[in-house]
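What follows is a set of notes on a single structure, which appears directly below.
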Amino acid sequence: MDRRTFLFNASALGLSSACTTAPEFNSVNEPYCRPSALVVANVLAWDGETFVEDAEIIVSEGRIEGLTRAGRSHRPRGARVIDGSGATLLPGLIDTHTHFFDLGAALPVDSVRQAAERAFPATGPATLASGVTTARVHFFDSEFGPALARAAEANCLAAPRLKLGGPALLGGAATLNARSVRGVASVEDAIAKVRQSRATGATWLSLMEVQKFSG
Numbered sequence: 028m029d030r031r032t033f034l035f036n037a038s039a040l041g042l043s044s045a046c047t048t049a050p051e052f053n054s055v056n057e058p059y060c061r062p063s064a065l066v067v068a069n070v071l072a073w074d075g076e077t078f079v080e081d082a083e084i085i086v087s088e089g090r091i092e093g094l095t096r097a098g099r100s101h102r103p104r105g106a107r108v109i110d111g112s113g114a115t116l117l118p119g120l121i122d123t124h125t126h127f128f129d130l131g132a133a134l135p136v137d138s139v140r141q142a143a144e145r146a147f148p149a150t151g152p153a154t155l156a157s158g159v160t161t162a163r164v165h166f167f168d169s170e171f172g173p174a175l176a177r178a179a180e181a182n183c184l185a186a187p188r189l190k191l192g193g194p195a196l197l198g199g200a201a202t203l204n205a206r207s208v209r210g211v212a213s214v215e216d217a218i219a220k221v222r223q224s225r226a227t228g229a230t231w232l233s234l235m236e237v238q239k240f241s242g
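Residue numbering for the sequence shown follows this note's numbering, starting at 28 and increasing by one per position.
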């Protein structure tokens, strides 16, 4: 049987359209969306172990609240209902290596803000459209990356959830201080820069030429 497929998270199902004010890329206090509850009904759903026929999924504030058979759930008042008859609902894909700000050599940019403004409105929705609902982002900057991640987490952007990688750390290049790669002068310097990246929202880092961290 030819079935449609939902690759699921709240943004992928359109909750991001409920956001009334687009977050600014240079703000750390973006307006968070508060979407209405959502019900996806009459789907064939994979619950992690088996397929559930005639399933009904309830989403509240961007989070799955429950999965039951149709007619057995308690729908929240005012919930938006999507009839998924003939569709299969699966967990979203995870892309472990993405670069949301890369525009290619033909589209040079002068700043991180310009890269964000040009690229992210295209790369975010395109990634969702491909079925990816969580993206592990390499070499994100510490200025706009965390703001975008928070907006995506709150369904304010048509974008997957973002797991941010801070600027990579490169041994043997003590004076390097680029947006996406920072040099390391010593092991102590590396530890300090890891802590700095963590404080600005990075969840992981790339370490390069580690054997040169000590000098």
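All C-beta atoms, glycine included, are put in the ideal place defined by N, C-alpha and C.
Are residue i and residue j close, meaning C-beta to C-beta below 8 Å?
i: SER224; j: SER169; result: yes
i: ALA72; j: VAL79; result: yes
i: ILE85; j: GLU92; result: yes
i: ALA176; j: GLY228; result: yes
i: ILE109; j: ALA68; result: yes
i: PHE166; j: PHE147; result: no
i: LEU120; j: THR160; result: yes
i: VAL214; j: PHE240; result: yes
If we ignore side chains and look at the alpha-carbon of each, how far apart do residue i and residue j end up?
i: THR123; j: GLY98; result: 37 Å
i: ALA82; j: ASP74; result: 10 Å
i: SER112; j: HIS101; result: 19 Å
i: VAL164; j: ALA185; result: 16 Å
i: ARG90; j: THR125; result: 24 Å
i: ASN204; j: GLY151; result: 27 Å
i: THR115; j: GLY172; result: 33 Å
i: LEU197; j: ALA162; result: 23 Å
i: ALA106; j: ARG145; result: 34 Å
i: GLU57; j: ARG222; result: Because GLU57 sits at a pLDDT of 43, beneath the cut-off of 50, its placement in the model cannot be relied upon, and the following sentence gives the value as read from the coordinates. Those two C-alpha atoms are separated by around 24 Å.
i: VAL70; j: ALA174; result: 34 Å
i: ASP216; j: ARG104; result: 54 Å
i: ILE218; j: ALA153; result: 36 Å
i: ARG206; j: LEU94; result: 43 Å
i: SER87; j: GLN238; result: 48 Å
If residue i and residue j are in contact, beta carbons under 8 Å, what's the gap, nearest whole angstrom?
i: ALA201; j: VAL211; result: 7 Å
> Does the region 222-239 come close enough to the region 186-194 to have 3 or more Cβ pairs within less than 8 Å?
Replying inline: yes
> Can you list, in chain order, the stretches of the beta strand (DSSP E) that have 3 or more residues and sit fully within the region 143-228?
Replying inline: 159-164, 188-191, 195-198, 208-211
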